[in-house]
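Numbering (the working numbering), first residue to last: 3 to 443. Note that CB positions come from ideal geometry on N, CA and C, so glycine has one too.
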Amino acid sequence: MSDGGGGATPILTRVGEIAAHEGAYVELRGWLYNMRSSGKLHFLQMRDGSGVIQCVAFKGEVSEETFALCGELAQESAIVVRGDVRADERSPLGFELGVREVELLSAPETEYPISPKEHGVAFLMEHRHLWLRSTRPHAVLQVRNEVISACREFMADGGFTLVDAPILTPAACEGTTTLFETDYFGDTAYLTQSGQLYMEAAAMAFGKAYCLGPTFRAEKSKTRRHLTEFWMIEPEIAYCDLAGDMEVAESMVAHIVDRVLDRCTDPLRVLERDTAPLEAARKAPFPRLSYDDAIEILKDEGSSIEWGSDLGGEDETLLSANYDAPLLVHRYPAQVKAFYMKADPDDERLALCVDMLAPEGYGEIIGGGQREDDLTILEGKIAEHGLPKEAFEWYLDLRRYGTVPHAGFGMGIERVVTWLCGLKHVRETIPFPRTLQRIYP
RNA sequence: UCCGGCGUAGCUCAGUUGGCAGAGCGGCUGGCUGUUAACCAGCAUGUCCUAGGUUCGAGUCCUAGCGCCGGAGCCA
3 MSDGGGGATP
13 ILTRVGEIAA
23 HEGAYVELRG
33 WLYNMRSSGK
43 LHFLQMRDGS
53 GVIQCVAFKG
63 EVSEETFALC
73 GELAQESAIV
83 VRGDVRADER
93 SPLGFELGVR
103 EVELLSAPET
113 EYPISPKEHG
123 VAFLMEHRHL
133 WLRSTRPHAV
143 LQVRNEVISA
153 CREFMADGGF
163 TLVDAPILTP
173 AACEGTTTLF
183 ETDYFGDTAY
193 LTQSGQLYME
203 AAAMAFGKAY
213 CLGPTFRAEK
223 SKTRRHLTEF
233 WMIEPEIAYC
243 DLAGDMEVAE
253 SMVAHIVDRV
263 LDRCTDPLRV
273 LERDTAPLEA
283 ARKAPFPRLS
293 YDDAIEILKD
303 EGSSIEWGSD
313 LGGEDETLLS
323 ANYDAPLLVH
333 RYPAQVKAFY
343 MKADPDDERL
353 ALCVDMLAPE
363 GYGEIIGGGQ
373 REDDLTILEG
383 KIAEHGLPKE
393 AFEWYLDLRR
403 YGTVPHAGFG
413 MGIERVVTWL
423 CGLKHVRETI
433 PFPRTLQRIY
443 P
């Protein structure tokens with residue numbers, strides 16, 4: 003292997019591994035991100051998906067053809083560059099490439115739409131397929147990748163089995179108004195809005211199970227926290243109560259935060275995320291607050307909220323502002339929660355449920371709780387909510403055959419990524435966002 | 001579904017009381033041996049969202065529509 007300049011055959015590598023090749027003659031395959039010229043010098047900013055490196059072509063050191071070609075390259079030209087890796091203090095990367103040869107594989111047909119200057123979000127989203135190449139989306143999606151890896155790692159280490167939930171479902175979990183309908187060979191099917199009910203079946207089969215997949219909500223929400231298609235991880239645990247559920251939830255989030263802080267320093271720096279506030283979320287346990295106490299605090303702080311109503315966005319922000327770490331709010335009134343929540347034996351008005359509120363005003367990232375495991379009570383609740391019993395027969399079977407206390411939760415991947423990256427809007431945390439107004443590209 | 005805001009060059013925007021359509025960036029041409037969103041000089045660029053209306057005259061005022069953005073509710 004060549005470890006010095008002058009070798010006839012370049013080492014094929016990527017920008018991300020360039021530090022291992024200092025002094026070597028290498029080949030990089032990528033695209034022109036930006037260029038600056040200075041008479042007898044061309045500075046090519048080249049990206050290859052793993053990073054950006056400056057390639058310097060000096061008139062005296064390359065052929066006339068190569069130097070002329072460098073001067074004519076347009077943004078996003080596909081290029082192969084061969085040259086010598088050298089350390090340089092002026093480079094943010096620490097290294098630059100002294101160009102020997104440049105090969106143009108394809109030039110853009112017309113001017114690349116996304117110039118390295120300011121653009122509005124609407125324009126960038128219209129060109130999302132190209133915008134992914136830019137530094138900022140690249141950084142956000144790296145964090146997303148790390149969050150999902152951390153989830154899967156936490157689940158595997160905790161003895162959970164991945165059991166994928168179906169995406170096409172026969173009926174609603176909680177009514178059909180917010181579901182996307184689709185034709186299923188003459189019948190109506192719906193796109194899933196939660197894998198939870200299926201995970202309850204999986205928990206009875208595997209003890210600990212989880213799913214991680216897309217979820218669809220046809221809610222006409224137009225806020226920075228909503229997507230119509232988003233990803234959720236939903237663990238479900240047999241022989242688990244609310245206390246155990248909260249411990250799993252906070253441990254998982256702490257694991258995610260710890261891993262992202264360890265491995266995503268570059269992306270977070272690109273995003274100018276102040277990571278100091280995230281340190282408090284690195285270790286469980288997180289603070290807990292009952293709904294009853296939350297209402298008292300909110301009233302003391304001047305909110306007009308009354309016992310019995312759900313917490314609004316402002317209420318959540320107000321509450322979590324008192325804590326550095328995420329906050330677990332538990333035991334909401336049963337009336338504002340789903341039919342499958344188990345009632346608190348100490349106060350039947352309450353549900354054994356929990357929401358996790360991210361700090362810094364990022365709001366709810368987890369919702370979950372202990373499930374109703376008694377057949378008769380569950381049948382009663384299905385009737386109370388006016389749900390079609392036939393559709394839930396399989397779900398009721400789980401209570402007919404070896405029912406046990408069990409609990410679980412759902413965590414929205416995009417909301418977690420939004421919080422960790424310190425973004426204003428969830429739509430940047432998914433590669434191709436679907437919102438009320440957007441299904442292109 | 002409700003409330004508010006915006007729509008002018010490829011992009012980001014300015015455009016006064018209604019009076020010739022503008023800037024910066026990007027692009028193109030030229031200059032520069034160390035640039036970091038480089039710099040300097042020059043050139044080109046328009047369905048002023050659409051359809052009506054008021055007016056001698058509308059980017060500007062009025063009406064309707066379309067598109068987008070944000071918030072509420074609802075949620076992860």
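Rounded C-alpha distance that separates Leu214 from Leu170
Taking the first sequence and counting its residues from 1, one reaches residue 214 at position 212. Taking the first sequence and counting its residues from 1, one reaches residue 170 at position 168. Cα-Cα distance, rounded: 15 Å.
For Ile441, which of helix, strand or coil comes out of DSSP?
Within the first sequence, the letter at position 439 stands for residue 441. Correct three-state label for Ile441: coil.
Which residues bound the beta strand (DSSP E) around Tyr212?
For the purposes of this step, residue 212 is taken as residue 210 along the first sequence, with counting starting at 1. Start and end: Lys210 to Phe218.
Near Phe156, which residues of its chain fall below 6 Å by C-beta distance, leaving aside the five closest residues on each side in sequence?
As a position in the first sequence, residue 156 is number 154, starting the count at 1. Once the five neighbours on either side are set aside, the close Cβ partners of Phe156 are Met254 and His257.
Taking Glu103 as the reference, give the member of Gly96, Gly161, Asn147 and Tyr27 with the closest Cα.
In the first sequence, the residue the question calls residue 103 occupies position 101. Comparing Cα-Cα distances from Glu103 to each of Gly96, Gly161, Asn147 and Tyr27, the minimum goes to Tyr27.
For Ser311 versus Val331, is the C-beta spacing smaller than 8 Å?
Position 309 of the first sequence, counting from 1, holds the residue named residue 311. Position 329 of the first sequence, counting from 1, holds the residue named residue 331. Cβ atoms of Ser311 and Val331: not closer than 8 Å.
In angstroms, rounded to a whole number, what distance separates the CA positions of Trp421 and Tyr334?
Residue 421 sits at position 419 when you count from the first residue of the first sequence. Residue 334 sits at position 332 when you count from the first residue of the first sequence. Going by the C-alpha atoms only, they are around 24 Å apart.
Excluding sequence positions up to five away, which residues of its chain have a Cβ less than 7 Å from the Cβ of Met3?
Residue 3 sits at position 1 when you count from the first residue of the first sequence. The predicted position of Met3 is uncertain, since its pLDDT is 40 and thus under 50; a value taken from the coordinates is nonetheless stated next. Contacts found: none.
Taking DSSP as the reference, what is the three-state secondary structure of Glu103?
Here the question's residue 103 lines up with position 101 in the first sequence. Three-state DSSP puts Glu103 in a strand.
Within its chain, find whatever has a CB closer than 7 Å to the CB of Phe434; leave out the 5 residues flanking it on each side and keep chain order.
Here residue 434 refers to the residue found at position 432 when the first sequence is read from its first residue. Closer than 7 Å at the Cβ level, and outside the excluded window around Phe434, lie Arg130 and Pro443.
So what's Glu236 in DSSP terms, helix, strand or just coil?
Sequence index remark: in the first sequence, residue 236 carries index 234 (1-based). Note: Glu236 maps to strand in three-state DSSP.
Length of the line joining the Cα atoms of Glu91 and Leu99
For the purposes of this step, residue 91 is taken as the residue at position 89 of the first sequence. For the purposes of this step, residue 99 is taken as the residue at position 97 of the first sequence. Using only the alpha carbons, I get a separation of about 13 Å.
Give the range of the beta strand (DSSP E) segment to which Phe394 is assigned.
Along the first sequence, one-based indexing puts residue 394 at 392. Unbroken run through Phe394: none, as it is neither H nor E.
Do you know offhand how far Glu78's Cα is from Pro110's?
Here residue 78 is taken as the residue at index 76 of the first sequence, counted from 1. Here residue 110 is taken as the residue at index 108 of the first sequence, counted from 1. Between Glu78 and Pro110, the C-alpha separation is close to 7 Å.
When you compare each of Lys301, Val17, Tyr200 and Pro289 to Pro94 by their alpha carbons, which one comes out closest?
Here the question's residue 94 lines up with position 92 in the first sequence. Of the candidates Lys301, Val17, Tyr200 and Pro289, the one whose C-alpha sits nearest the C-alpha of Pro94 is Val17.
Spatial distance of Gly85 from Thr225 (CA atoms):
What you label residue 85 is simply residue 83 of the first sequence in a count that begins at 1. What you label residue 225 is simply residue 223 of the first sequence in a count that begins at 1. Looking at the two C-alpha atoms, the distance is approximately 48 Å.
Spatial distance of Asp326 from Val356 (CA atoms):
For the purposes of this step, residue 326 is identified with residue 324 of the first sequence, where counting begins at 1. For the purposes of this step, residue 356 is identified with residue 354 of the first sequence, where counting begins at 1. Approximately 18 Å, taken between the alpha carbons.
On the DSSP bridge list, what partners appear for Thr163?
In the first sequence, the residue the question calls residue 163 occupies position 161. According to DSSP, which records beta bridges pairwise, Thr163 is partnered with Ala211.
With a threshold of 16 other CB atoms inside 10 Å of the CB of Arg417, please say whether the residue is buried or exposed.
Start at 1 with the first residue of the first sequence, and residue 417 comes out as number 415. With 16 or more Cβ atoms within 10 Å of its Cβ, Arg417 is classed as buried.
Closer than 8 Å is the cut-off here; do at least three beta carbon pairs connect the stretch 149-166 with the stretch 203-213?
yes
Pair within 8 Å by beta-carbon distance, Glu105 and Val82:
Counting from 1 along the first sequence, the entry for residue 105 is found at position 103. Counting from 1 along the first sequence, the entry for residue 82 is found at position 80. The answer is yes: Cβ separation under 8 Å.
What span of residues does the beta strand (DSSP E) with Phe187 cover, start to end?
In the first sequence, the residue the question calls residue 187 occupies position 185. Per DSSP, Phe187 belongs to no beta strand (DSSP E) and is neither H nor E.
Taking DSSP as the reference, what is the three-state secondary structure of Phe434?
Sequence index remark: in the first sequence, residue 434 carries index 432 (1-based). Three-state result, Phe434: coil.
Helix, strand or coil at His131 [DSSP, three-state]:
Start at 1 with the first residue of the first sequence, and residue 131 comes out as number 129. Here His131 sits in helix by DSSP.
When burial is assigned at 16 or more other CB atoms within 10 Å of the CB, is Arg38 buried or exposed?
If you number the first sequence from 1, residue 38 lands on position 36. Under this definition Arg38 is an exposed residue.
At 4 residues or longer, and completely inside the stretch 315-383: list those alpha helix (DSSP H) runs for me, N to C.
315-322
Secondary structure at Ala76, three-state DSSP: helix, strand or coil?
Stepping through the first sequence from its first residue, residue 76 is reached at position 74. DSSP places Ala76 in coil when its eight states are reduced to three.
Give, in chain order, every unbroken run of the alpha helix (DSSP H) that is at least 4 residues long and sits entirely within the stretch 287-313.
293-302
Would you check if the stretch 383-394 and the stretch 402-409 touch, i.e. whether three or more CB-CB distances between them fall below 8 Å?
no
Beta-carbon contacts of Pro279 that lie in its chain and below 8 Å, excluding the five residues immediately before and after
Start at 1 with the first residue of the first sequence, and residue 279 comes out as number 277. Hits under 8 Å: Asp326, Pro361 and Glu362.
Mind checking Pro118: buried by the 16 CB within 10 Å criterion, or exposed?
Along the first sequence, one-based indexing puts residue 118 at 116. The residue is exposed, with fewer than 16 neighbouring Cβ atoms inside 10 Å.
Residue from Arg373, Glu430 and Ala59 whose Cα sits closest to the Cα of Pro347
To locate residue 347, count along the first sequence from 1; it is residue 345. Checking every option, the nearest Cα to that of Pro347 belongs to Arg373.
Can you find the residues in the same chain that come closer than 6 Å, C-beta to C-beta, to Leu107, ignoring five residues on each side of it along the sequence?
Position 105 of the first sequence, counting from 1, holds the residue named residue 107. Same-chain partners within the cutoff: Ala80.
Just the C-alpha distance for Thr431 and Lys210, rounded to the nearest angstrom, thanks.
By one-based count along the first sequence, residue 431 stands at place 429. By one-based count along the first sequence, residue 210 stands at place 208. Cα to Cα, the separation comes out at about 28 Å.
Answer with buried or exposed for Lys222, where buried requires no fewer than 16 other C-beta atoms within 10 angstroms of its C-beta.
Numbered from 1 along the first sequence, position 220 holds the residue referred to as residue 222. The residue is exposed, with fewer than 16 neighbouring Cβ atoms inside 10 Å.
Alpha-carbon spacing of Ser196 relative to Thr217, whole angstroms:
The residue given as residue 196 occupies position 194 in the first sequence. The residue given as residue 217 occupies position 215 in the first sequence. Looking at the two C-alpha atoms, the distance is approximately 6 Å.
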